[in-house]
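Numbering (the working numbering), first residue to last: 4 to 229.
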Ligand SMILES: [Zn+2]
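Shown next as structure tokens:
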């Protein structure tokens with residue numbers, strides 16, 4: 004009889020222990036259990052990069068914002084407007100980070116889609132205001148269609164960087180694989196494999212189709228009238 008009681012008590016203890024163990028995991032590591040991670044921002048580096056409270060750099064996936072002044076670069080048009088808008092979106096809220104196939108870039112920064120507590124998709128919100136352009140980031144293509152569509156709406160309304168876009172060249176070399184476009188005299192553009200090469204008649208068209216400018220031959224300063 005006593006043995007039976009002990010057995011029952013033992014089973015009950017095991018179950019309780021298991022339940023406590025599960026609850027502990029849920030409370031301590033919710034992002035691990037639900038595949039979600041909630042974080043807070045320490046400071047905003049620019050329109051597409053933030054630094055978390057623990058010092059981790061997070062680069063928003065699939066968008067590129069105009070540069071602000073740093074080291075050898077001078078600010079591009081809308082660089083500071085993009086940074087300020089990013090601050091407005093992320094500084095006073097908890098953020099949920101969502102990942103695609105690559106979790107970090109070659110600089111060790113986390114690559115993420117960022118959502119606020121109110122459900123604002125920050126990467127998309129920056130495109131919506133014309134404070135970033137779509138950056139094809141293979142293999143991270145989870146929201147490609149949504150983001151290109153959002154950019155097209157911003158372009159149609161001539162918001163932000165789309166307001167005074169100007170052409171730097173009569174035509175451009177596009178790379179169908181990397182989705183980058185170059186001026187005809189760019190040495191990188193000239194290396195495009197003929198299989199991937201496409202002629203683009205305007206930067207506007209290139210952006211519209213989801214191509215992004217090569218950082219070597221085209222800056223947003225080149226493509227914007229002051
Ligand atoms: Zn180029």
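Even for Gly, the Cβ is constructed at its ideal location relative to N, Cα and C.
Every value quoted in this text rests on a predicted model; they were computed, and no experiment measured them.
In this structure, DSSP gives residue 81 a state outside helix and strand, which the three-state scheme calls coil.
By alpha-carbon distance to residue 40, the top candidate from 118, 70, 14 is 118. At the C-beta level, residue 92 and residue 42 stay beyond 8 Å of one another.
Considering only 56, 17, 176, the residue with the shortest C-alpha distance to residue 196 is 176. In the three-state reduction of the DSSP assignment, residue 21 falls in the helix class. At a cut-off of 3 residues, the continuous stretches assigned as beta strand (DSSP E) that sit fully inside the stretch 93–165 are 98–101, 113–119. Where residue 45 is concerned, there is no enclosing alpha helix (DSSP H), although the beta strand (DSSP E) around it starts and stops at 44–47. Per DSSP, residue 192 is one residue of the alpha helix (DSSP H) stretching across 190–193. With fewer than 16 other Cβ atoms from the protein chains shown falling within 10 Å of its own Cβ, residue 25 counts as exposed. Residue 126 sits close to residue 150, with the two beta carbons spaced by under 8 Å.
In this structure, residue 192 lies away from residue 162, with their beta-carbon atoms at least 8 Å apart.
Pairwise C-beta distances place the stretch 84–91 out of contact with the stretch 99–112, as fewer than three of them are shorter than 8 Å.
Taking C-beta atoms as the reference points, residue 60 and residue 113 count as a pair closer than 8 Å.
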